[in-house]
Structures are given as structure tokens and as C-alpha cells.
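Read through the structure below, which is laid out as C-alpha cells, and then see the notes.
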Amino acid sequence: MWWDDPATSDKQRSDFRRLLATGQVEFVNGGWVMQDEISTMYDADINQMTLGHKWIVDTFGREYAPRVAWHIDPQGHVGATAARFAAMGFDAYVPNRIPAPLKNQLQQSKGLEFIWDGMASPVPANRQADSEIFTHVLDMFGYNPPNSPRNLYFFDDYSYWKGERNMTEEPPINNTSVVPYVELMAKFMMARAKWLATPVMYDALGVYC
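So the sequence shown is residues -1 to 207, counted in our numbering.
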């Protein structure tokens, strides 16, 4: 792990702790992995989440335990996972990879945010109060800025920062490209805003290679 890697300096660790303390960095999900939701057993899901959260709490403190279950890459999502995340104490759940027709339906109806009762039952006696969790479905399948042509504006393009591209060339966002970049991003945001029921927009700017 990078935290224990000999190449990680004390200053880097200190800087990371400072960013955590100021709220500029936050842990999400926090499990050892982002587990599959279809083929894994519930005990394995719980154990791997426990392992990751224990490391965070032991290393940084209980106040930095994740509050959001970030689950954007599993191929499909099930109610049992939502119920487990609710029972684990997460405040919110962020899935992504749902069938395209369903995501389109949620976009058009502004229904991307909802309370998911993962253990919903028509029998009142069988309902569980701790199985409900606020859910925000990513409005797009990707989690990156506009990407055509590929990596046109990627300021976190792997190939650029790993040195596979010419490091002496201008970065993707520079004095020449910043204005068209901002105009493109504004158009991108306005198009997505039509799918949301509130004026608050979550924007993912992560790399997607």
C-alpha cells in the first residue's frame, strides 16, 4: 500500500493528514476492494469492508471513517448491498452501472436520487428501519470530463503524468485551451443539469482511460 511504501516520504504522509483534517480529501467506500454485487457472498463483502475501515480508523482516526458507499464499477446492483451499506452506517450509496434503458428513464424523470429500501417487503412486520439508504445514481456511465477526441483536455491523463507522453509539451489545459475547455464544460454541465431534481450537481473529474 502506498502509505507504507518506502518511497512515500514523511512529508507526503503529513500533507495527506493535513488534507484530511481540512476536509480537502475524504475517504469513500473504504473497503479493501469495491466488491462485486452479484457473485460474492455476504460474509466476504462484510469482511473486506471491515478490513478496510479498520485500517482507516487505526491509521487516521474514527472521525475519518467513510460516510458514502462509492460503488460505481460493479456490473449491476442489488438491494441486499444497499441494505448492508445502510446497516453499516453509510449515509449514502452511489451506484452507476445499471441497464442503459433504466438510466435513461431515471434521467428523463429526474429520478436519479431516491431512498432505496434494500429489504423492502409488502409485509409491515418484515420491514427493517436500517435497510433504507439515500442513493445517488451517477447520471452518466463515465466519471470524467468530455473525452472526445480521447484525452483532449485530460489534466490527469495517465500517459501524460507517467511520462509516456512528451513532458516538455504544454499540458492539456493551458493558456490557449482554457477558454474552449471552460465553454465545453459549461455546455456539458447544463446538459446534465436537465436530469437533476435539485440545483446541486455532483461532478466527477476522475481519469477514465
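Ideal placement from N, C-alpha and C gives every residue a C-beta, glycine not left out.
Only residues of its own chain outside the window of five on either side were considered, and among them His69, Ile70, Asp71, Val135, Leu136, Phe139, Tyr141 have a CB closer than 8 Å to the CB of Asn94, listed in chain order.
If you check the CB distance, Met117 and Gly77 come in under 8 Å.
In the three-state DSSP reduction, Trp1 falls in the helix class (H, G or I). Per DSSP, Ala195 lies in no beta strand (DSSP E) and is assigned neither H nor E. Remark: three or more beta-carbon pairs, one from each stretch, lie closer than 8 Å, so the region 25 to 43 and the region 77 to 93 are flagged as touching.
Distance from the Cα of Lys52 is smallest, within the candidate group Asn27, Gln73, Phe112, for Asn27.
The residue among Tyr62, Ala67, Asp115 with its C-alpha nearest the C-alpha of Ala81 is Asp115.
Here the alpha carbons of Met183 and Phe83 stand approximately 33 Å from one another. The Cβ neighbour count for Asp128, taken over all protein chains shown within 10 Å, is under 16; the residue is labelled exposed. Using a 10 angstroms sphere on the CB of Ala67, the tally of other CB atoms reaches 16 or more, which defines it as buried. About 15 Å separates the beta carbon of Phe88 from that of Arg60, a gap too long to meet the 8 Å contact definition. Taking 8 Å as the cut-off, the Cβ atoms of Arg11 and Trp1 count as close. Val198 has its alpha-carbon roughly 15 Å from the corresponding atom of Gln105. The three-state reading of DSSP puts Phe83 in helix, counting H, G and I together.
Here Lys101 is buried, its C-beta having at least 16 other C-beta atoms within 10 Å. In the same chain as Leu18, and ignoring 5 residues on each side of it, the C-beta atoms closer than 7 Å to its own belong to Phe58, Tyr62, in chain order.
For the pair Thr6 and Met(-1), the Cα-to-Cα distance works out to about 10 Å. Ranked by how close their Cα comes to the Cα of Phe186, the residues Thr20, Thr79, Phe132, Asp201 have Asp201 in first place.
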